[in-house]
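Enquirer:
Residue numbers (the numbering used here): 3 to 258.
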């Protein structure tokens with residue numbers, strides 16, 4: 003059985019193709035190939051690159067664990083990366099300047115931009131949650147891991163604006179604490195990461211166009227990669243500023 007790099011479903015080897023679809027390169031199931039269409043899928047026989055991944059089992063023995071060339075486990079997605087690995091991003095807020103660090107899991111093989119461990123993490127792809135444990139109580143289950151928020155956010159998609167708002171409110175006390183080292187991450191470090199970053203900036207008083215322009219100029223032009231993600235930021239701006247609107251960015255996903 004192999005895991006599809008797009009949908010993360012486990013399927014038989016006979017149902018797997020190797021190639022690139024929607025910017026993701028790796029093992030892609032035939033169901034996803036049919037969904038995206040042959041014109042958006044390029045088959046290749048190139049082997050996937052070995053990745054490095056976090057090892058939070060002992061914070062005093064921090065390292066970057068390199069898988070072998072034959073590794074084909076659940077984290078073998080080779081999203082076309084820009085080497086976004088704990089990239090510092092500084093912006094002005096209402097009461098000062100704040101810094102967060104941006105990551106794509108596809109770039110974990112690259113050297114991180116800072117040497118410190120993150121103390122706070124917002125992970126926007128289910129791949130970051132695999133093999134970990136969480137609780138909705140106030141008890142810390144593993145003190146060697148950062149304070150972490152996981153949001154089930156589909157790749158290239160959006161979440162309900164209420165979920166985005168709750169996520170932003172969770173992270174804001176850490177943003178305002180200068181001792182926090184905050185990591186925000188998805189697969190490529192572009193769409194979901196950029197959208198969540200934009201929401202934090204909007205929460206700190208930025209207008210949507212200004213936040214997007216600053217992110218594109220100071221981080222990556224690929225950030226906030228779909229129109230629906232732009233609309234989600236507009237909806238979030240309207241929500242926290244009391245603007246009444248009935249527009250739902252999720253509906254745009256199903257429009258021709």
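Glycine included, each C-beta is placed from N, C-alpha and C at the ideal position.
#1: Taking contact to mean 3 or more Cβ pairs, one atom from each stretch, closer than 8 Å, check whether the region 118-136 and the region 218-232 are in contact.
#2: May I ask you to report which of helix, strand or coil DSSP gives residue 94?
#3: Run through DSSP, which three-state label would residue 192 get?
#4: Rounding to the nearest angstrom, what Cα-Cα distance links residue 99 and residue 159 in this structure?
#5: Pick helix, strand or coil for residue 213, following the three-state DSSP scheme.
#6: If you follow the alpha helix (DSSP H) that residue 230 is part of, which residue opens it and which one closes it?
#7: Are the beta-carbon atoms belonging to residue 20 and residue 29 less than 7 Å from one another?
#8: In chain order, what residues of the same chain have a beta carbon less than 7 Å from the beta carbon of residue 197, not counting five sequence neighbours either side?
#9: Just how far apart, CA to CA, sit residue 164 and residue 205?
#10: Name the DSSP bridge partner or partners of residue 31?
#11: Just to confirm before moving on: does the CB-CB distance between residue 115 and residue 89 stay below 7 Å?
#12: Count the other CB atoms within 10 Å of the CB of residue 135; is the residue buried (16 or more) or exposed (fewer)?
#13: Let me check one thing: in DSSP terms, what residues is residue 103 bridge-paired to?
#14: Taking just the CA atoms, how far does residue 93 sit from residue 173?
#15: Can you tell me the Cβ-Cβ gap for residue 167 and residue 238, rounded? I've got them flagged as a contact below 8 Å.
#16: Helix, strand or coil for residue 221, going by three-state DSSP, please let me know.
Expert: Let me lay it out:
#1: Touching, no, given that fewer than three Cβ pairs across the two stretches are closer than 8 Å.
#2: As a first step, residue 94 is located in the chain shown; it is residue number 92 there, counting from the start. Residue 94 sits in a strand when the DSSP states are folded into three classes.
#3: Your numbering for residue 192 matches position 190 in the chain shown. DSSP places residue 192 in coil when its eight states are reduced to three.
#4: The residue you call residue 99 lines up with position 97 of the chain shown. The residue you call residue 159 lines up with position 157 of the chain shown. Between residue 99 and residue 159, the C-alpha separation is close to 29 Å.
#5: Your numbering for residue 213 matches position 211 in the chain shown. Three-state DSSP puts residue 213 in a helix.
#6: Here residue 230 refers to the residue found at position 228 of the chain shown. Looking at the DSSP string, the run of the alpha helix (DSSP H) that includes residue 230 is 229-242.
#7: As a first step, residue 20 must be located in the chain shown, where it is residue number 18. As a first step, residue 29 must be located in the chain shown, where it is residue number 27. Yes, these two residues count as a Cβ contact at 7 Å.
#8: Residue 197 sits at position 195 when you count from the first residue of the chain shown. Excluding residues within five positions, the ones whose Cβ falls inside 7 Å are 226, 231, 234, 235.
#9: Along the chain shown, read from residue 1 onward, the residue named residue 164 stands at position 162. Along the chain shown, read from residue 1 onward, the residue named residue 205 stands at position 203. If you take the alpha carbons of residue 164 and residue 205, they lie about 14 Å apart.
#10: Translated into positions along the chain shown, residue 31 becomes position 29. Answer is 18.
#11: Counted from its first residue, the chain shown places residue 115 at position 113. Counted from its first residue, the chain shown places residue 89 at position 87. Cβ atoms of residue 115 and residue 89: closer than 7 Å.
#12: In the chain shown, counting from the first residue as 1, residue 135 sits at position 133. Residue environment for residue 135: exposed (fewer than 16 other C-beta atoms within 10 angstroms of its C-beta).
#13: Position 101 of the chain shown, counted from the start, is the residue given in the question as residue 103. Secondary-structure assignment with DSSP links residue 103 through a beta bridge to 90, 185.
#14: Indexing the chain shown from 1 puts residue 173 at position 171. Indexing the chain shown from 1 puts residue 93 at position 91. Their backbone Cα atoms lie some 15 Å apart in a straight line.
#15: Residue numbering aside, residue 167 sits at position 165 when the chain shown is read from its first letter. Residue numbering aside, residue 238 sits at position 236 when the chain shown is read from its first letter. That pair is a contact at about 6 Å.
#16: Indexing the chain shown from 1 puts residue 221 at position 219. Judged by DSSP in its simplified three-state form, residue 221 adopts coil rather than helix or strand.
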